[in-house]
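Working notes, beginning with the structure itself.
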Amino acid sequence: MLRLSGFGWDDSEKMIWVDSDQVWKNYVKREPDAKGIRNVLFLYYEDWVILFGKDRATRVLAEGPIDIVDTLEKEDQTTEECYTPIVDLPDCSLSASGTPCNQCGSGTTSKKKARETEGIAKGLVDMAVEFGSFFKKTNTTMEEIAHRIGYAHDLSQARKLVNGELVKLPLNTNDRLRAAALIVKDVEMVDLFFSFPEEEKMEWVCLLLVGCV
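965 is the number of the first residue of the sequence shown in this note's numbering; add one for each residue after it.
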């Protein structure tokens, strides 16, 4: 999302910034489940700052942890290419017995460095897997929350429209208020009410008021 034109990150509010309502409407048309995440706080942002640094934490929202680890590996490789090791030459002076005082240790040092490099690489891979799993679960949770928020918002709007629809019917104030109270108490009742054509709503409301529904 952050890679798209018209989107950005609001660091002070810890939420996704959108250039205009039209940009958001166009995006929601393509991704309907995302309509509930506008103006939602991303509280994990501070943790990402600690883990990756500010720049990389912002990039995590768009790239994910695997890309970040790949970048780290490339930076480590570049550092190793620019590093010139200092090789200690062995002291081959002879002792009184005629044997070398110090044996050459370059082979042992190379093996040790190779093991250390393998350990670092494995650690990065393990970290990528762990963070990949974490962010996958987080993204799934956010999608579920967004879907539920979106549904709750739609339901709230529908409930507000119930009285407006009842006003159109030939009901006295007392019957209208009773009908509204009965309808908005049940989600299925709200959906059913709006599913009827205009000519059937009055008959259904009358049945509701006498307890036949």
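Even glycine gets a Cβ: it sits at the ideal position worked out from N, Cα and C.
All figures in this text were calculated on a predicted structure; none of them were measured in a lab.
In this model, Leu-1130 and Asp-1139 are separated by some 10 angstroms (Cα to Cα). When the beta-carbon positions are compared, Leu-1125 and Met-1166 stay at least 8 angstroms from each other.
Shown here, Ile-1147 sits in a helix according to DSSP, grouped into three states. Looking only at Gly-1128, Glu-1163, Asn-1136 and Leu-1135, the smallest Cα-Cα distance to Val-1154 is reached by Gly-1128. Check the Cα spacing between Leu-1146 and each of Gly-1175, Val-1004, Val-982 and Leu-1005: the tightest is with Gly-1175. Separation of Asp-975 and Val-992 (C-alpha to C-alpha, rounded to the nearest whole angstrom) is 23 angstroms. The Cβ-Cβ distance between Trp-973 and Val-982 does not fall below 8 angstroms.
Gln-986 and Arg-1123 have their C-alpha atoms spaced approximately 26 angstroms apart.
With 16 or more neighbouring CB atoms inside 10 Å of its own CB, Lys-999 falls in the buried class.
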